[in-house]
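Numbering (the working numbering), first residue to last: 153 to 416.
Written below as structure tokens is the structure these notes are about.
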Amino acid sequence: MLTLLIFAATGAAAGVLAGLFGVGGGLIMVPALAFVLPALGVPAAVVMQVAIGTSLAVIGATSISSTRAHHQRGAVRWDLLRSFAPGLALGALGGAFVAHLLSGDALKNTVGTGALLVAAQMFFGAQPPPRAGGHRLPAGELLVAGGGIGLLSALVGIGGGSLTVPYLSWRGVSMQQAVGTAAAGGIPIAWGGALGFAVSGWDAPGLVGAHLGYISLSAFFGLALASVLTAPFGARLAHALPARTLKRAFALLLASVGLLMLLR
């Protein structure tokens, strides 16, 4: 019971922060799980794999509602996703198997560095200068870009929005459509990555409790339910508070998380 309460609290916090700051909760869930899982008996050698795999599974469940909301506003470029999504899914699938081969310390440092980079991007508002071509983009380019974004996202345990939005914006896609398309792109990343972590960790020794490879089922259900319930509350707060201040506050939080992961 205590375990489920811990996971529910983490999911609730991730949901509020995701709704409040407009990004997925992966960079909140992964560090939190990395701290909690050892106390629950997960072997230190695979703590990071379980944390990342579980985070991706949760994102795969919760990103559907976000995509639906963006679709209803006409902000999802399905024409781009036809070529983009296969690359995202395959890249995330490959990233999961790469993560399986890496040590826990290497993954911890990857997550910490990723949190710091996203924090810097949010704090300073860093975006590449836009280029023409947002109406139609080459299918081959989208496939390759999707593969790279998917692979990096699976190594960190995120839905890829912090990478997809700058890329699509740089390629001339409007910011509203870039955000909506990135939300939809989180589904193939999360599902591809979760599948990879489930398969690669199928015979991992020492895993306790109900699990599907590197996915902790108790953590998944606790996190997913709580984050779905609390994300709308965070979204309402976002409309009541200044956006610039919110982004910078979250950037500082992410920077703290990143440093904690690197120094731990």
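Even glycine gets a Cβ: it sits at the ideal position worked out from N, Cα and C.
Computed from a prediction, not measured in an experiment: that's the story for all the values here.
task: Give the single residue among V351, V409, P384 and V228 whose Cα lies nearest to the Cα of V317.
output: Of V351, V409, P384 and V228, the residue nearest in Cα terms is V228.
- request: Could you check the C-alpha separation between G338 and W230 for me, to the nearest Å?
  value: Distance between G338 and W230, taken at the CA atoms: about 13 Å.
query: Taking the C-alpha atoms as reference points, what is the distance between A200 and Q329?
result: Here residue 200 is Met; the residue named in the question, Ala, does not match the sequence. Between M200 and Q329, the C-alpha separation is close to 33 Å.
query: From Y366 to A403, what distance separates their C-alpha atoms?
result: Rounded to the nearest angstrom, the two C-alpha atoms are 29 Å apart.
query: Got a sec? Which residues, its chain only, sit under 8 Å from L259 by beta carbon, not counting five neighbours each side?
result: Within the same chain, L259 has close Cβ partners M200, Q201, I204, A251 and L307.
Cβ neighbour criterion (16 or more within 10 Å) applied to S255: Counting other Cβ atoms within 10 Å of its Cβ, S255 stays below 16 and is therefore classed as exposed.
message: Counting only C-beta atoms, is S368 closer than 9 Å to chain B at any point?
response: In the structure shown, chain B does not exist; there is a single protein chain.
- request: Measuring alpha carbon to alpha carbon, tell me which of L154, L157, T155 and V168 ends up nearest L381.
  value: Checked all of L154, L157, T155 and V168; the closest Cα to L381 is V168.
- request: Give, in chain order, every unbroken run of the alpha helix (DSSP H) that is at least 4 residues long and sits entirely within the stretch 310-349.
  value: Runs of the alpha helix (DSSP H) spanning 4 or more residues and lying entirely within the stretch 310-349 occur at 313-322, in chain order.
- prompt: Got a sec? Which residues, its chain only, sit under 7 Å from L364 by beta carbon, not counting five neighbours each side?
  reply: So the list reads A350, once near-sequence residues are dropped.
query: Just curious, the alpha helix (DSSP H) that V308 is in, first and last residue?
result: That run of the alpha helix (DSSP H) goes A291 to V308.
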